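Residue numbers (this note's numbering): 32 to 519.
Just so you know, even glycine gets a beta-carbon here, dropped at the ideal spot from N, CA and C.
Please read all numbers here as calculations on a predicted model, not as lab measurements.
Single-structure report; data block below.
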Ligand code: GLN
């Protein structure tokens, strides 16, 4: 028998609508499972059981009164960089310990209006800087597939909570890969929307020109449902774009794969791919070919500059965005009686080592005399990277590759050398520089039983294409139905 915690959002909605189950039952099942599983996984930074039960009761009452909401009664948990009114939001940082936002991020307000039940806030690398959750200021989150390994990051709490059935879905955020990487390491469907597709209002900024929030779920249809609710322009975010939002769920089965042009970026299949990862990704691509898709090798010639470009742009923006945590405007104050000393003590105590490293890198890249050599140059190269994608999409409809060169790594494996950690995102960061949407879906397991993700990329605002192409593969495979041993 399927347990309530094993249902996808799509399945749960059908049963809620049939009044076969109630939102309270569904929520209680998740709360009980969290109580049993969270001590092992450590995905949550805050749990909101009372709020969840109140929202579940409201969802049941609304349904009884004949109101059918798109997510009425669906229990979700949210990455802790998205502001939640009345619920502590720390961004995984000690400097924001005790901060309770007086407002909701737009995507949270939209999920709540759609009937979400909020189970809590999820762990992440501090201010979303990292690839493993090891940079959380609180504790690392464990991967449900192997608790000796990282869940990926920075949205690692989101990846782990959804894979471990502690939430039916989550919103993560992705600045350089932070939705897709934990999606891949935890075996989920995970989508980074186009820049401007989802409002960033209330998303605590890391790299403002790169950040996007997006869904992480156990099926592609579930991703479509969450994206449907959060997508669309917002007067509170001038960078959100007024591009029509199609009906993503209705579009899942539209069209055919026959004649779909799939590009394989030569630069993404080079040395360094773990053999099991490459084999699984190539097998998935072969399946598309068997369905009539055309496979084309293409080139993204400026790929080799993407890591350097990203770490200048992202750290520069971070250094500006994090200036406000000074103990005066924001941040837990370490009072020294003198304002400059208070700044120093507050930031010295509140930020972890990776955040400090990035503030220093970004401040240097923006400083007088170095700006043109570093930040200006990186912006110019960013344009070239964006043009690489434009030229590729003149020839093909989607691009496919691995999400990461490896499957989930062990705790401590990359912490000594930041460069090794940065390389986990080598296949995802260009996408943020270009502003296009990208998705990870499960396409197999390595010899240690760890999930492998297939990355699918589409032109800006073509999330519908991503979802349709991903859904077709999911229908033909059962990777997404496998469960970690921990939750058998
Ligand atoms: N790992 C990358 C970084 O540390 C990406 C993080 C993210 O997407 N938020 O910047």
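With fewer than 16 other Cβ atoms from the protein chains shown falling within 10 Å of its own Cβ, residue 391 counts as exposed. With 16 or more other CB atoms across the displayed protein chains lying within 10 angstroms of its CB, residue 157 is buried. Note: residue 244 is bridge-paired with 204 in the DSSP secondary-structure output. For the options 59, 169, 152 and 116, the alpha carbon positioned closest to that of residue 381 is the one of 169. Excluding residues up to 5 positions away in sequence, 230, 231 and 232 lie with their Cβ nearer than 6 angstroms to the Cβ of residue 268 in the same chain. At the C-beta level, residue 145 and residue 55 stay beyond 7 angstroms of one another.
Taking 8 angstroms as the upper bound for CB-CB distance, residue 225 and residue 36 are not in contact here, some 32 angstroms apart. In the three-state reduction of the DSSP assignment, residue 325 falls in the strand class. Measuring C-alpha to C-alpha distances from residue 289 to each of 105, 428, 114 and 147 identifies 428 as the nearest. Residue 381 sits in a helix when the DSSP states are folded into three classes.
Check the Cα spacing between residue 440 and each of 330, 174 and 470: the tightest is with 174. Residue 379 and residue 395 have their alpha carbons spaced roughly 18 angstroms apart. Distances from the CA of residue 431 to each of 167, 489 and 354 were compared; the closest alpha carbon is that of 489. Excluding sequence positions up to five before and after residue 323, its CB lies within less than 8 angstroms of the CB of 287, 288, 289, 290 and 291, all in the same chain and listed in chain order. Note on geometry: alpha-carbon atoms of residue 100 and residue 280 lie some 15 angstroms from one another.
Counting other Cβ atoms within 10 Å of its Cβ, residue 147 reaches 16 or more and is therefore classed as buried. Secondary structure remark: continuous alpha helix (DSSP H) runs of at least 4 residues inside the stretch 36-108, in chain order: 40-48, 54-72 and 80-95. Annotation: residue 513 to residue 172 spans about 21 angstroms, alpha carbon to alpha carbon. In summary, residue 387 is exposed, with fewer than 16 beta-carbon neighbours lying within 10 Å of its beta-carbon over all protein chains present.
Taking C-alpha positions only, residue 38 is separated from residue 497 by approximately 23 angstroms. Taking the Cβ of residue 185 as the reference point, at least one heavy atom of the ligand GLN falls within a distance shorter than 6 angstroms.
Segment contact: the stretch 304-315 against the stretch 396-413, fewer than three CB-CB distances shorter than 8 angstroms; contact not assigned.
Secondary-structure assignment with DSSP links residue 295 through a beta bridge to 328.
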